[in-house]
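Under the numbering used here, think of the first position of the sequence shown as 48, with each following residue one higher.
All C-beta atoms, glycine included, are put in the ideal place defined by N, C-alpha and C.
Just so you know, these numbers come straight off a predicted model, no measurement behind them.
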Amino acid sequence: MCKGELEKHKEVNEGVGIKGWKCKKCGETFFPSSEMLKWEVLTGKRGLVRKVRKIGNSIIVTLPKKLVKEEDIHKDDYILFERTKKGMALKIIHGE
Ligand SMILES: [Zn+2]
């Protein structure tokens, strides 16, 4: 925090690139939280992550086994997507 001029900066950590800013004066680097989260996801540091896939005309996201077990999710249950201030929340509605 020397208040030096910042320049765009990209570095690769554990094989995954991360974009942020670097101080021209002291060399300190800064990365926005969105970039940090993306980096954590792409390096496998976040557990419950699934990649979005496309099958035919459908966009598919599979559920992690751990989540299926813990939430007791079965075929014909419903998942309700709710936008919240913190992001998207999923609610499991158990069918008959
Ligand atoms: Zn600095």
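Query	Result
Tell me which residue opens and which closes the beta strand (DSSP E) that L95 is part of.	No beta strand (DSSP E) contains L95, which DSSP labels as neither H nor E.
With respect to the beta strand (DSSP E) encompassing K69, which residues constitute its N-terminal and C-terminal limits?	63 to 70
Need the endpoints of the beta strand (DSSP E) that K138 sits in, please.	134 to 140
Taking the alpha-carbon positions, what's the G64 to F77 distance?	14 Å
Distance, Cα to Cα, L127 vs H141?	11 Å
Spatial neighbours of K230 within its chain, please: C-beta separation below 6 Å, excluding the five flanking residues on both sides.	Because residue 230 is not part of the residues shown, which for the chain are 48 to 143, the question remains open.
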